[in-house]
Amino acid sequence: MDALEALGTRASAVRLVEPAPSEALLTAALRAAARAPDHGMLRPWRFLLVRGAARNRLGEVLAESLARREPGAAPEALEKEAKKPLRAPLIVVVAAKVQPDHPKIPEVEQVISAGSAAQNLMLAFHAEGFGCMWRTGSPAYDPAVKRAFGIEAHDHIIGLIYVGTPVALTLERNRPDHTQFVEDWTEPATAG
Ligand SMILES: Cc1cc2nc3c(=O)[nH]c(=O)nc-3n(C[C@H](O)[C@H](O)[C@H](O)COP(=O)(O)O)c2cc1C
């Protein structure tokens, strides 16, 4: 698939199964992620790879977060939360490791850079036939979850990117017509 086809066909894949991308593809996708635009060369990205049994550990982290947010949560709800990482063979937790008081580069630009890295990662997998789903939810904003991932409270978990082989048809939502977001200030060419 060429680049424009990959860009023009990317869609979330909700149901993902084994196999995960190969090590070679994972490496290529992470390399693509680390090519994200990056004002000031701050490299404000971190990628935590969660695979195999480590997904259970991630599930525990998510369930503990739910129990803190909702102390009365039913055991079934906690169990459901704990099983969420089993929805894909690979989860890449993407964090923006920011310098909030950087003298030149505003924090929002650092977060955008991490978002661009996440998108590069997803597009690389999609171009090679794998599916992805970008998720966050309340745990992403929980300081204790950040601690569990080894990042600071002021950093941002910008996505849990679920990756695997897509089974169901990708969610083909109504795609907007791009022209509704575009304004064109091109001056008409002047004759002569
Ligand atoms: C930062 C971010 C966080 C998201 N978090 C969730 C989420 O927690 N749950 C969810 O169902 N979709 C989430 N989404 C949206 C999906 O990843 C997806 O983009 C959306 O369903 C639209 O489908 P599409 O990717 O096929 O266009 C998130 C998207 C972004 C950019």
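Here the sequence shown stands for residues 260 to 451, where the numbers follow the numbering used here. Note that CB positions come from ideal geometry on N, CA and C, so glycine has one too. Owing to the predicted nature of the structure, the values given are computational and were not obtained by experimental measurement.
- With distances taken between CA atoms, LYS339 lies nearest to GLY318 out of ALA412, GLY318, GLN378 and LEU266.
- At a threshold of 6 angstroms, TRP393 counts as near ligand 1, since its beta carbon sits closer than that to one of the ligand's heavy atoms.
- Remark: C-beta atoms of HIS298 and PRO359 do not approach each other more closely than 7 angstroms.
- In this structure, the alpha-carbon of PHE306 lies about 31 angstroms from that of ASN433.
- Taking 7 angstroms as the cut-off, the beta carbon of ALA347 is found closer than this to the beta carbon of LEU275.
- When the five nearest sequence neighbours on each side are left out, the beta carbons in the same chain lying within less than 7 angstroms of the beta carbon of LEU337 are those of ALA322, LEU325 and ALA326, in order along the chain.
- Listed in chain order, the beta strand (DSSP E) elements of length 3 or more contained wholly in the stretch 301-347 are 304-310.
- In the three-state scheme derived from DSSP, where H, G and I count as helix and E and B as strand, ALA407 is classed as helix.
- Rounded to whole angstroms, the separation of the alpha carbons of PRO362 and ALA293 is 23 angstroms.
- The beta-carbon separation of VAL351 and VAL422, rounded to 6 angstroms, stays under the 8 angstroms limit for a contact.
- Taking a contact as a CB-CB distance under 8 angstroms, the pair ALA377 and ILE416 does not count as one, their CB atoms being some 11 angstroms apart.
- Cβ-Cβ separation between ASN379 and ALA291: approximately 4 angstroms, consistent with a contact (criterion under 8 angstroms).
- Between PHE384 and ALA288 the beta-carbon gap is near 6 angstroms, inside 8 angstroms, which marks them as a contact.
- Under the 10 Å beta carbon count, ALA399 is surrounded by 16 or more other beta carbons and is classified as buried.
- In the structure shown, HIS415 falls within a strand segment according to DSSP collapsed to helix, strand and coil.
- Inclusion of ALA270 in the 6 angstroms shell around ligand 1 follows from its C-beta lying nearer than that to a non-hydrogen atom of the ligand.
- In terms of Cα proximity to VAL309, the closest of GLY374, LEU301 and LYS343 is LYS343.
- By the Cβ-count criterion, VAL426 is exposed, with fewer than 16 other Cβ atoms from all chains shown falling within 10 Å of its own Cβ.
- The C-beta of MET260 has fewer than 16 other C-beta atoms within 10 Å across all chains shown, which makes the residue exposed.
- Beta bridge pairing from DSSP links VAL422 with LEU349 and CYS391.
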